[in-house]
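Q:
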Amino acid sequence: MRTVGAKPGVNQVEELLWEIPASARADMRVPARIVADRELLEAIGADRSLEQLANVTTLPGIVGFAAAMPDIHQGYGFPVGAVAATEVPHGVVSPGGVGYDINCGVRLLALDLSVDALGDRRVGLTTEISRSVPSGAGRGGRLVLGRGELDRVLAGGAPVVVEEMGLGRQGDLLHTESGGCLPGADPAMVSARAKDRGRDQLGTLGSGNHFVELQYVTELADPAVADAFGLREGQVTILIHTGSRGLGHQVCTDFVRLLEPRIASWGITLPDRELACAPMDSPEGRDYLAAMRCAANFAWANRQVIAHRVRQAVHQELGAHEADALRQVYDVAHNIAKVERHGGRDVLVHRKGATRAFGPGRGDELPEDYRSVGQPVFIPGSMGTASWVLVGQDRSDEVSFGTACHGAGRRLSRTQARKHVSGAELRRELEARGIVVRSPSNTGLAEEAPMAYKDVDRVVDVVHRIGIARKVARLVPIGVVKGG
Amino acid sequence: MVGDDARRSPTRKTPPVIEVIDHPGELELRLSHATCAGVYAEAVRGLVAESQGSVPAGGAERRILSLASSTPETLLADLLNEVVYVMETEGFVPRTLEVGELEGGRLRGTLVGRSSADVRPLVKAATYHDLRVWQEDGAWHGRVVLDV
Chain A
0 MRTVGAKPGV
10 NQVEELLWEI
20 PASARADMRV
30 PARIVADREL
40 LEAIGADRSL
50 EQLANVTTLP
60 GIVGFAAAMP
70 DIHQGYGFPV
80 GAVAATEVPH
90 GVVSPGGVGY
100 DINCGVRLLA
110 LDLSVDALGD
120 RRVGLTTEIS
130 RSVPSGAGRG
140 GRLVLGRGEL
150 DRVLAGGAPV
160 VVEEMGLGRQ
170 GDLLHTESGG
180 CLPGADPAMV
190 SARAKDRGRD
200 QLGTLGSGNH
210 FVELQYVTEL
220 ADPAVADAFG
230 LREGQVTILI
240 HTGSRGLGHQ
250 VCTDFVRLLE
260 PRIASWGITL
270 PDRELACAPM
280 DSPEGRDYLA
290 AMRCAANFAW
300 ANRQVIAHRV
310 RQAVHQELGA
320 HEADALRQVY
330 DVAHNIAKVE
340 RHGGRDVLVH
350 RKGATRAFGP
360 GRGDELPEDY
370 RSVGQPVFIP
380 GSMGTASWVL
390 VGQDRSDEVS
400 FGTACHGAGR
410 RLSRTQARKH
420 VSGAELRREL
430 EARGIVVRSP
440 SNTGLAEEAP
450 MAYKDVDRVV
460 DVVHRIGIAR
470 KVARLVPIGV
480 VKGG
Chain B
0 MVGDDARRSP
10 TRKTPPVIEV
20 IDHPGELELR
30 LSHATCAGVY
40 AEAVRGLVAE
50 SQGSVPAGGA
60 ERRILSLASS
70 TPETLLADLL
80 NEVVYVMETE
90 GFVPRTLEVG
100 ELEGGRLRGT
110 LVGRSSADVR
120 PLVKAATYHD
130 LRVWQEDGAW
140 HGRVVLDV
């Protein structure tokens, strides 16, 4: 190991892996690892990400190390882009390690159509998707669930939407992480207030950086794996990015409020109140896990409803054949806590702004048609720039508890982004590049401007070179539907 | 301790201040006011201004609040989470908070504002990260990080 001059206390383990040793602070239980190149590490060191990552290592029962992905940025409690695994059943579960937008995630759909064949119909398709998928501004979708229906969705996730409501296909579920449903979800653990927020939000995008993007494949980095994922050069794809909406936010709010005053009673001392946690085997820990799983299931159901609306839009704009041929490549969560087997034991892996990236060695946990290649991983870039499809690699088990990054990672705050460009200017600039933009808010558009994010190609390059996920295909946008 | 004294104007006048510290993924509100009640009211205005672009100029609709939190700090988070909830579920956008009673972590008061069909749900929640309410140099201050 050698010390990097610019970052005292951060040691280089290998070219793209860095470590803050457990000895750096008296309260650290394990080391903190950072996956980054030297330039990204410099950028990461500019905010409080590394301090927050070190804070994560103080959680009781943490196993091995806490890991930061190259897109990490400062958050609250956990930084965004972090992974931590805790012992089952005596370690802790931390709502802050999942985040407020429980099971925020990404779903990729692929049309059986080339960008050339789509031509100018991209305008009508983007417009129809924006009409079909309420974007933000707190407006509900067309589905308003009764209490019984909502409880069934919370317990059963995307399969309830497909099998009981008829909104989707079995193939969608087969190509969804965990089949779109975490077992052990108990709707009785979700507050009335959370259910109130979620009741009319199924099938809605939300605000901030959530979007539906119409894209096409510009480059195949691994044609064999791309073929296994059903992707080819020039093909049109649709990427959906959203989560559990207000229901998930409220679940996190409720449990941080419940747990924070009880921490001392479990003999736990924390450097940040937002790391509030509970022993997994305590009643409070079990209740949070049961509620968090409900919110995760709600998010998968949400993306399922949106995918169905997209399929309807394709039917209307491109016809029945194209709608029938629309297939789901995969759906992955990037804010979640799941029990997984790592290093020969069960651990609870918290991923906050981080994507599961299982390699072919864990094929028995993947859909049958992906077992021999590994799990699809989607890394959306900023609006108007490239996104990537990668495939999980077995080395991810050793480096990051089977995890890769989740996006480009913010570089500028929302205010700074607004200072650089107005929403109207950005809309004109994107449209001049042939990208159709449908967004109810110019402010929201400016806040998500491409320059507000790190270079996604660089972030993906690091993940590829260290061997936790390998590049498969690069996608560029031709239509953007943004939340408010 | 936040009590009746906290609402009494100090001898030295402190103008209300809402400072927004913009982090890459979150918003931090730093609040100062002559009174503790004023810090809570400014927090409401700060959250509304940041999420909706501005605070409504008018509106006389009222929502009565009664909050019981463990500390003055958690009261600040609970108050803002209440505002997030009414904006999202009722489309009610407050322009001000009228504080009736304030004692420790307990607050009774009224949110005054108007309903809107177009509420931007930018703020997901008020967090406990770096959450503080304190008195210094004759003024009251608050700090809260919002997840956006």
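Sequence lines, in order, name chains A and B. Read in order, the letters of the first sequence are residues 0 to 483 in numbering that gives the first Met the number 0. Read in order, the letters of the second sequence are residues 0 to 147 in numbering that gives the first Met the number 0. Quick reminder that beta carbons are idealized off the backbone N, C-alpha and C, glycines included.
1. Report all residues from its chain with a CB closer than 6 Å to the CB of T109 of chain B; omit the five preceding and five following residues, and keep chain order.
2. Going by alpha carbons, who is nearest to G183 of chain A out of A:D286, A:Q214, A:A220 and A:T125?
3. Does G24 of chain B have its Cβ less than 8 Å from a Cβ in chain A?
4. The alpha helix (DSSP H) with T241 of chain A in it runs from where to where?
5. Nearest CA to the CA of H333 of chain A: which residue from A:Q234, A:G44 and A:S177?
6. Against chain B, does G318 of chain A count as a neighbour if the rule is that its beta carbon must be under 8 Å from one of theirs?
7. For V85 of chain B, verify whether its CB is less than 7 Å away from any heavy atom of the ligand ADP.
8. What residues in the stretch 405-439 of chain A bring their beta carbon closer than 9 Å to a beta carbon of chain B?
9. Just confirm the distance between the C-beta atoms of L389 of chain A and V372 of chain A, as a whole number of angstroms; I'd bet it's less than 8 Å.
10. Please check if any C-beta of chain B sits within less than 8 Å of the C-beta of T442 of chain A.
11. Start and end of the beta strand (DSSP E) containing L258 of chain A?
12. From this set, A:V461, A:L429, A:A353 and A:T354, which residue's C-alpha is nearest A448 of chain A's C-alpha?
13. Starting from the Cα of S50 of chain B, find the closest Cα among B:L66, B:Y127, B:D21 and B:S68 and give me that residue.
14. Just to confirm, is the Cβ distance from R350 of chain A to V34 of chain A under 8 Å?
15. P222 of chain A lies in the beta strand (DSSP E); which residues open and close that run?
16. By the DSSP assignment, the beta strand (DSSP E) with L49 of chain A in it spans what residues?
17. Answer yes or no: does any C-beta atom of chain A fall closer than 8 Å to that of Y39 of chain B?
18. With 8 Å as the C-beta to C-beta threshold (strictly closer), list the residues of the stretch 248-260 of chain A near chain B in chain order.
19. Using a 10 Å radius around the Cβ and a threshold of 16 neighbouring Cβ atoms, would you call H240 of chain A buried or exposed?
20. Which of the residues in the stretch 69-87 of chain B, read from start to end, lie with their CB under 8 Å from any CB of chain A?
21. Let me make sure I understand the geometry here. Which of B:R119, B:C35 and B:W139 has the alpha-carbon closest to that of A48 of chain B?
22. Within 10 angstroms of the Cβ of Q249 of chain A, are there 16 or more other Cβ atoms? Answer buried if so, exposed if not.
23. Alpha carbon to alpha carbon, how far is Q475 of chain A from I237 of chain A?
24. Of the choices A:S190, A:G197 and A:A322, whose alpha-carbon is the least far from that of L112 of chain A?
25. Should A67 of chain B be flagged as near chain A, meaning a C-beta pair shorter than 8 Å?
26. What do you reckon, are the CB atoms on D280 of chain A and H89 of chain A nearer than 8 Å?
27. Pick helix, strand or coil for N208 of chain A, following the three-state DSSP scheme.
28. For the stretch 454-463 of chain A against the stretch 380-387 of chain A, are there 3 or more C-beta pairs whose distance is under 8 Å?
29. Can you check the stretch 72-145 of chain A for any beta strand (DSSP E) of at least 3 residues that lies completely inside it and give the ranges in chain order?
30. If you count every other CB in all the chains shown that lies within 10 Å of the CB of Q200 of chain A, and 16 or more means buried, which is it?
A: Taking the structure as given:
1. Excluding residues within five positions, the ones whose Cβ falls inside 6 Å are R61, I63 and E97.
2. The shortest C-alpha to C-alpha distance from G183 of chain A to any of A:D286, A:Q214, A:A220 and A:T125 is the one to A:D286.
3. Yes, contact with chain A.
4. In the DSSP annotation of this structure, T241 of chain A is not part of any alpha helix (DSSP H); the continuous beta strand (DSSP E) holding it starts and ends at Q234 to T241.
5. Considering only alpha carbons, the answer is A:S177.
6. It does not; no Cβ of chain B falls within 8 Å.
7. In the structure on display, the ligand ADP does not appear, and there are no ligands present to speak of.
8. Listed by position along the chain: G408, R409, R410, L411, S412, R413, T414, Q415 and P439.
9. L389 of chain A to V372 of chain A, Cβ: 11 Å. No contact.
10. Under the 8 Å criterion on CB atoms, T442 of chain A is classed as interfacial with respect to chain B.
11. Membership of L258 of chain A in any beta strand (DSSP E) is not indicated; the residue belongs instead to the alpha helix (DSSP H) covering R244 to L258.
12. If we check each option's Cα against that of A448 of chain A, A:L429 comes out closest.
13. Relative to the Cα of S50 of chain B, the nearest Cα in the group B:L66, B:Y127, B:D21 and B:S68 belongs to B:D21.
14. Not closer than 8 Å, so no.
15. From DSSP, P222 of chain A is part of no beta strand (DSSP E) but of the alpha helix (DSSP H) over P222 to A227.
16. L49 of chain A -> not in any beta strand (DSSP E); alpha helix (DSSP H) instead, spanning S48 to V55.
17. It does not: the Cβ of Y39 of chain B has no partner Cβ on chain A nearer than 8 Å.
18. Along the stretch 248-260 of chain A, going in chain order, the ones with a CB nearer than 8 Å to a CB of chain B are H248, Q249, C251, T252, V255, R256, E259 and P260.
19. Answer is buried; the Cβ neighbour count reaches 16.
20. Among the residues of the stretch 69-87 of chain B, those with a Cβ less than 8 Å away from any Cβ of chain A are S69, T73, A76, D77, N80, V83, Y84, M86 and E87, in the order of the chain.
21. Comparing Cα-Cα distances from A48 of chain B to each of B:R119, B:C35 and B:W139, the minimum goes to B:R119.
22. Q249 of chain A is classed as buried because its beta carbon has at least 16 other beta carbons within 10 Å across all chains shown.
23. The sequence as given places Val at residue 475 of chain A; Gln does not occur at that position. The C-alpha of V475 of chain A lies about 10 Å from the C-alpha of I237 of chain A.
24. Closest by alpha carbon: A:A322.
25. Taking 8 Å as the threshold, the shortest C-beta distance from A67 of chain B to chain A does not fall below it.
26. In this structure, D280 of chain A sits near H89 of chain A, with a CB-CB distance shorter than 8 Å.
27. Secondary structure of N208 of chain A (DSSP, three-state): coil.
28. Two segments are said to touch when three or more pairs of C-beta atoms, one from each, lie closer than 8 Å; by this definition the stretch 454-463 of chain A touches the stretch 380-387 of chain A.
29. Along the length of the stretch 72-145 of chain A, whole beta strand (DSSP E) runs at least 3 residues long occupy 77-86 and 104-113, reported in chain order.
30. Residue burial annotation: Q200 of chain A is buried, with at least 16 other C-beta atoms found within 10 angstroms of its C-beta.
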